[in-house]
Amino acid sequence: MNPQTTQVDDLRLVALPTAVNCADMFVRFALTEWSLRQMQDEASGVACEVVRAVVRASDTKVPGFITLRLRLHGDVLVIEVEDAALLPPVVPDTLADRKAGVMSLQGGGNLIWCEVALPVGMNASAVPLPRRERRKPPQSAAAAEPEPADVDDEFFERLLSKLNRPGEPPTDNGPHGLR
1 MNPQTTQVDD
11 LRLVALPTAV
21 NCADMFVRFA
31 LTEWSLRQMQ
41 DEASGVACEV
51 VRAVVRASDT
61 KVPGFITLRL
71 RLHGDVLVIE
81 VEDAALLPPV
91 VPDTLADRKA
101 GVMSLQGGGN
111 LIWCEVALPV
121 GMNASAVPLP
131 RRERRKPPQS
141 AAAAEPEPAD
151 VDDEFFERLL
161 SKLNRPGEPP
171 TDNGPHGLR
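Just so you know, UniProt numbering puts the end of the sequence shown at 179, numbered straight through with nothing missing.
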């Protein structure tokens, strides 16, 4: 992680058209967790374009995995998609007015990225970390009161009496020969 990167979240997907919808949901969730709801529409649109570009460039017969990553860095949100494809994706024309690019990775694969500016006056270090509510631990089984069992006492008495009679052949006088 870059020293100026304060938060990172990623999601691994299969390079299929459904990855675009998953990217939308993931970006919206992450930005809600980071208290950046005002950026959801713009960032989700960019992420969907980048994921769509990677999916188009991938082999549909044998789709590989892709990783969608969100990074807060300086005064921008960096949206990255990493794949293992041989051919690099093309930055979509819809992102031509943004700072974006594609690079080949040393171990193979590609990284396509695009930056989305944080709200005016905000930088990555000012974005609060997600807070989780404290939840009460579940009650232990020993502490919980046992539920009343729906038991037929007469049935068990008949069962025990039949089990205690050695050498007596079973009779078929009712269900399971217990009557």
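Glycine included, each C-beta is placed from N, C-alpha and C at the ideal position.
DSSP state of residue i mapped onto helix, strand, coil
i    : result
D10  : strand
L70  : strand
M122 : coil
S58  : coil
L129 : coil
A117 : strand
S104 : strand
D24  : helix
M1   : Any reading at M1 is ruled out, since the residue's pLDDT is 45, under 50, leaving its predicted position unreliable.
D41  : helix
V91  : coil
D153 : helix
L36  : coil
Alpha-carbon spacing of residue i relative to residue j, whole angstroms
i    : j    : result
N123 : R37  : 15 Å
N2   : L72  : A caution first: N2 carries a pLDDT of 48, below 50, which makes its placement in the model unreliable, though a value can still be read off. If I take the Cα positions, the gap works out to 10 Å.
G64  : A57  : 11 Å
D10  : L86  : 22 Å
R69  : T60  : 22 Å
F26  : V20  : 10 Å
D75  : P137 : 39 Å
W34  : G107 : 31 Å
A84  : A30  : 24 Å
A96  : G121 : 25 Å
R158 : V14  : 60 Å
T18  : D153 : 57 Å
V8   : L129 : 11 Å
Cβ pair residue i, residue j closer than 9 Å
i    : j    : result
P88  : V78  : no
A23  : A47  : yes
P119 : M39  : yes
T32  : V127 : no
Nearest candidate by alpha-carbon position, reference residue i, set the options
i    : options                 : result
T94  : G74, G45, G121 and P137 : G45
N110 : R28, A96 and V90        : V90
D41  : P92, E49 and R28        : R28
K99  : G107, G108 and W113     : W113
A117 : E80, A43 and G107       : A43
Cβ-based neighbour list, residue i, same chain, cut-off 6 Å, excluding 5 preceding and 5 following
i   : result
R12 : F65 and T67
L16 : P63
Sequence-distant residues of its chain with Cβ nearer than 7 Å to residue i (five each side left out)
i   : result
V50 : I79, V81, I112 and C114
Cut-off 8 Å between Cβ atoms - residues of its own chain near residue i, not counting five sequence neighbours on either side
i    : result
S125 : T6
L105 : E82 and L111
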